[in-house]
Amino acid sequence: MRFVSLAPRRYWLIALVLIVFAGLPTQVTSFQSLEWAEVLIFAIVIMGLNLLVGYSGQISLGHGAFMAVGAYTTAILIHRYHVDYLATIPIAGMLTGLLGFFLGIPALRLSPLYLALATFALAVITPSLIKRPEKLTQGNQGILLLPMQPPDWASSLFASVTGGPAMSGDQWLYYVCFIAAAVLFWVAWNIVRRRPGRALMAIRDGEVAAAASGVNIAGYKTLAFGLSAFYAGIAGALYGLATGYVSPDSFPLGLSLTLLVGAVIGGLGSIAGPLLGGIFTFWLPIISGQFVQSQDWIPDQVASVFKNAGPAVTYGVLLIVIMIFAPNGLAGLILSAYARLRSRLRGVGERTSGQLPPDPQTV
Amino acid sequence: MQELLQQVLSGIASGGIYASLALALVLIYNAMGLVNFAQGEMAMFATFLAFTLLGRGVSYWVALPITIAIAFIGGIVIQRVVIRPVERAPVLTLVIVTLGLATLINGLAGFFFGYLQHPFPSPFSVETIDIFGAAASFQDLGVIGVSAVVLVLVYLLLQRTTLGLALRAAAHHPEASRLLGIRVSWMLALGWGLASAVGAVSGIMVAPILLLEPNMMQTVIIYAFAAAVLGGIESPLGAVIGGLIVGVTVNLAGAYLPGVGGDLQLAVAFAIIIAVLVVRPNGLLGRRAVRRA
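Chains as they are written, first to last, in our numbering: chain D, 1 to 363; chain P, 364 to 656.
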């Protein structure tokens, strides 16, 4: 009991989040489970982006391209080689991670600005690059994947817990995504709190000082790139499985930008940020679209235009406003609000221990 | 041989367009050490404004200067409202802000003008004349001419006027310029306005070739990036040379390299960017960056 009562408060929060996400499919419809699975997928890739941008201070505008590699690896393995779909997920992650590692080597020589430029160009040309090896990727046509079926044990376990119908394919997919996200967030948390994370942050905050302290700059920077790509590859594989269809147009420039929006809005350099960012980027277009549709005073014409243009406008405004006023994103806002509340309640003088204050110069 | 000449000529025409947009990028890079990812979208929006004016029956040669003037003011307004609060922020912040700006302008264009493709009129006829046996269209020649005029005007402004001197001084030595009474912040805003105006010309020139729609500049901006990087991102002359080289190379690669074709021309531009950044990061005319560790 002592152990439990001594646990830091954030452990309780983590347990709560885990329970909510684990129980979610028992409370919502099968289709909503699929939607939340996509939220988790976004959270995974945004976590990868966060490791790269938020912790190592490098930028990538091309994470949609890494997702495409992951998704196509899975699709081709399943479609052509009939590999078990669960086995394709780690393979996709490894392969994409390896690719990211090798791309990280030339990236070392580039200043942040040039890196942004090169990865932006990569994101733009990705669809046309995918189309080219037509035998492998089936060109414009894309690859169709059969929906996943839950194994018997999971299905009966689910039925006995909920007392309802057996588990649907979408609910199984949700749990696959949930486990992947939980493991990957745990890995990220451990990385950033230990030696590699400190090394990355040291590089981000002052490369020369880090080098003088004996940090292997090139090694850690390429490692961050590889790791980030690994996350994107896993997310891409899950994305392909979730949508059941991969095509060149599934990975436009807009996807890469959306991921960046998610990372920035959630909060760069924080562990909770990517989850918030995933929730936000997935639901914002859907909810805002529904809201506009439901308002009678907005003319139909405007509403239908908003459906297409609305998310872009909102994302753009949010990117600018957050970078100007709250560079640490939602997670930073919540943390500082919490800190302010605590100091108000307990009086001044007590500092929150354990964590460094969010640094406004992070990005 | 004739065909080759023709390909080179149309490559020069598109190269002129890339050069204008690349020049816009260079102007902003020089002013604040930043690549403006929204440059293409700003040009696209200006082109839509020109399109609206033309639709109202305004003649082409009246609509063009009006649009350029609006783009100029728009650039200044954007700098004052969006960029100024983060002027001194780290490069990553600036990049994200300009990306936000790009997304925002793209969305606004979709909101106001829709996502349909519009054919955009050209003042130049598509008829051809014979140059050394190659059939050159007036369209291509006209585009080359307009681009050349713009580039020369910008050159004269920067090199031959007091304002240009102040612009360059503010970019290179902000503190010293401030001591000499130059209003540095406003010079940055003017730089943005100038870049926006130059970019608008490239948008209006490229719209008759591509079709006008909110994502029109997405490919053009990549060519402009390639041009700016190739020329050396801080050199206006380099941007022009880079633009022409990129235009011709991409055109020739599309026509003659087996396996490239129309759809991988963009990949050629990407290859140019990567090759230059890895082999010669300062580009053809850029100064070697000296880093004080």
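Even for Gly, the Cβ is constructed at its ideal location relative to N, Cα and C. This one's a predicted model, so the numbers in the text were calculated from it and none came from an experiment.
Taking the Cα of D/Val53 as reference, the smallest distance to any Cα among D/Ala263, D/Tyr245, D/Ile234 and D/Ile105 is reached at D/Ala263. Neighbours of D/Ser128 in chain P, taken as residues whose beta carbon is under 7 Å from its own, are Asp626, Leu627, Leu629 and Ala630 in chain order.
Scanning the segment 580 to 640 of chain P from its first residue to its last, the whole alpha helix (DSSP H) runs of 4-plus residues come out as 580 to 594 and 599 to 619.
Going by DSSP, D/Ala188 is part of the alpha helix (DSSP H) stretching over Gly169 to Arg193.
Judged by beta-carbon spacing, D/Tyr72 lies beyond the 7 Å limit of D/Leu144, meaning their Cβ atoms are not closer than that value. The continuous beta strand (DSSP E) containing P/Ile492 extends over residues Thr491 to Ile494. Taking the C-beta atoms as reference points, D/Ala188 is found nearer than 7 Å to D/Met47. In the DSSP assignment, P/Ala413 falls outside any beta strand (DSSP E) and lies within the alpha helix (DSSP H) extending over Gln402 to Gly418. Taking a Cβ-Cβ threshold of 8 Å, none of the residues of chain D is close to P/Val603; the smallest such distance is about 19 Å. Counting only Cβ-Cβ distances below 7 Å, D/Tyr231 has no contacts in chain P at all, with the closest Cβ about 19 Å away. A residue is called buried when at least 16 other Cβ atoms come within 10 angstroms of its Cβ; P/Pro482 does not meet this threshold and is exposed. Proximity of the segment 211 to 225 of chain D to the segment 191 to 203 of chain D meets the contact definition, three or more beta-carbon pairs being nearer than 8 Å.
As the crow flies, the alpha-carbon of D/Ser160 is around 26 Å from that of D/Val39.
Closer than 9 Å at the C-beta level to chain D, one finds these residues of the segment 577 to 589 of chain P: Pro577, Asn578, Gln581, Thr582, Ile584, Ile585, Phe588 and Ala589. One finds Leu61, Ala116, Leu117 and Phe120 in chain D with Cβ atoms closer than 9 Å to the Cβ of P/Phe400, taken in chain order.
If you look at P/Ser422, you'll find it isn't in any beta strand (DSSP E); DSSP assigns it neither H nor E. Using beta-carbon distances, D/Val317 counts as an interface residue toward chain P, with a partner under 7 Å. The Cβ neighbour count for D/Ala75, taken over all protein chains shown within 10 Å, is at least 16; the residue is labelled buried.
With respect to the C-alpha of D/Pro248, the residue from D/Leu129, D/Tyr55 and D/Gly332 having the closest C-alpha is D/Leu129.
Under a criterion of Cβ atoms nearer than 8 Å, no residue of chain D is adjacent to P/Thr410; the nearest Cβ is some 17 Å distant. Contacts with chain D (Cβ-Cβ distance below 9 Å) from the segment 559 to 570 of chain P involve no residue at all. DSSP, reduced to helix, strand and coil, places P/Ser500 within a strand of the structure shown. P/Thr466 belongs to the set of residues whose beta carbon lies under 7 Å from a beta carbon in chain D.
Distance between D/Gln301 and P/Ile468, taken at the CA atoms: about 20 Å. Distance from the CA of D/Asn328 to the CA of D/Val321, rounded to the nearest whole angstrom, comes to 12 Å. Within the segment 449 to 464 of chain P, those residues whose Cβ lies closer than 8 Å to any Cβ of chain D are, in chain order, Val449, Ala452, Pro453, Val454, Leu455, Thr456, Val458, Ile459, Val460, Leu462, Gly463 and Leu464. Looking from the CA of D/Leu255, the closest CA among D/Pro112, D/Ile59 and D/Phe282 belongs to D/Phe282. For the segment 475 to 497 of chain P, the residues whose beta carbon sits under 9 Å from a beta carbon of chain D are, in order, Phe475, Gly477 and Tyr478. Residues of the same chain with a CB within less than 8 Å of the CB of P/Glu576, apart from the 5 flanking positions on each side, are Tyr478, Leu479, Gln480 and His481 in chain order.
Under the criterion of beta carbons closer than 8 Å, D/Gln149 and D/Pro25 do not qualify as touching, at roughly 15 Å. DSSP places D/Ile41 within a helical segment (H, G or I) once states are collapsed to three.
Secondary-structure assignment with DSSP links D/Tyr85 through no beta bridge to anything. Straight-line measurement puts the Cα of D/Ala235 at about 8 Å from the Cα of D/Gly93. Here the segment 306 to 324 of chain D lies against the segment 284 to 298 of chain D, with 3 or more beta-carbon pairs under 8 Å apart.
In the three-state scheme derived from DSSP, where H, G and I count as helix and E and B as strand, P/Leu575 is classed as strand. In this structure, the alpha-carbon of P/Leu574 lies about 14 Å from that of P/Ser565.
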